[in-house]
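Okay, here's the thing in structure tokens:
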């Protein structure tokens, strides 16, 4: 079957969440506004995640997976998903399901007018430290990138695949997706989505990842922006 939209699900040691992930995403496929498939990207999990993923994919025709030989991080998992998909649209959602798959339908309503539509988590159900560090990190990132986005860490996005595939690989990629689309002269917007507490497993990001790490990534982004080459082909004989 040919799918219009592929949802990437990065996984790293989420064995306690995967049964719920299967249920929630299967339910979403029944109400998705476009034909949709799921791609698990197992980022070198050391628990039982891979066995569970393979069982899920065997049971569900629209589910597939790729497995890293070793842990490479969230940005690598997302970029690998972009490289592997062949659908017109691509998105991603975290396997902790703190965002709702059904909200993809809200984002998809706007994708015809934009190259990236990202969620903004309303009434976040995270700790005070996590919320404050995210707000500070987002403020720092906006000052560097001028992308106008309030919550680039929201794990709910829809992107036109040809733009996603042109994003270069670098650590911290997941925080700069709107800015990287804008470098391609793409249009971006943000839409409010739901947010829920983590039900199982443990968060993979601490204070360093949410605050100090993104600050260093901003300098890398500025260098990349200065060196970035953007072109459009006006005519070809091929």
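In the working numbering, the protein residues as written are 54 to 291.
Every residue, glycine too, gets a C-beta built ideally from N, C-alpha and C.
Pair within 7 angstroms by beta-carbon distance, residue i and residue j
i, j, result
"residue 224", "residue 148", "no"
"residue 161", "residue 86", "yes"
"residue 220", "residue 233", "yes"
"residue 154", "residue 77", "yes"
"residue 142", "residue 211", "yes"
"residue 95", "residue 120", "yes"
"residue 231", "residue 270", "no"
"residue 102", "residue 138", "no"
Nearest-angstrom Cα separation, counted from residue j out to residue i
i, j, result
"residue 217", "residue 238", "13 angstroms"
"residue 97", "residue 67", "11 angstroms"
"residue 92", "residue 280", "32 angstroms"
"residue 89", "residue 81", "9 angstroms"
"residue 104", "residue 130", "18 angstroms"
"residue 213", "residue 57", "10 angstroms"
"residue 122", "residue 99", "11 angstroms"
"residue 75", "residue 113", "9 angstroms"
"residue 286", "residue 167", "20 angstroms"
"residue 202", "residue 171", "9 angstroms"
"residue 106", "residue 134", "15 angstroms"
"residue 165", "residue 247", "22 angstroms"
"residue 229", "residue 79", "29 angstroms"
"residue 62", "residue 274", "25 angstroms"
"residue 70", "residue 109", "12 angstroms"
"residue 226", "residue 284", "21 angstroms"
"residue 54", "residue 156", "24 angstroms"
"residue 36", "residue 136", "Outside the displayed span of the chain (54 to 291) sits residue 36, for which this structure offers no information."
"residue 272", "residue 152", "29 angstroms"
"residue 84", "residue 282", "40 angstroms"
"residue 116", "residue 276", "38 angstroms"
Whole-Å CB distance - residue i paired with residue j, under 8 angstroms assumed
i, j, result
"residue 208", "residue 145", "7 angstroms"
"residue 222", "residue 132", "5 angstroms"
"residue 278", "residue 236", "6 angstroms"
"residue 174", "residue 204", "6 angstroms"
"residue 59", "residue 140", "4 angstroms"
Host beta strand (DSSP E) of residue i (start-end)
i, result
"residue 166", "Per DSSP, residue 166 belongs to no beta strand (DSSP E) and is neither H nor E."
"residue 154", "That residue, residue 154, is in no beta strand (DSSP E); it is neither H nor E in DSSP."
"residue 100", "Per DSSP, residue 100 belongs to no beta strand (DSSP E) and is neither H nor E."
"residue 215", "Premise fails: residue 215 lies in the alpha helix (DSSP H), 214-217, not in any beta strand (DSSP E)."
"residue 245", "241-246"
"residue 120", "116-120"
"residue 145", "142-146"
"residue 62", "58-64"
Start and end residues, alpha helix (DSSP H) containing residue i
i, result
"residue 132", "127-137"
"residue 74", "71-84"
"residue 231", "230-236"
Cβ-heavy atom distance, residue i to the ligand SAM, below 6 angstroms
i, result
"residue 227", "No copy of the ligand SAM appears in this structure; indeed no ligand is present at all."
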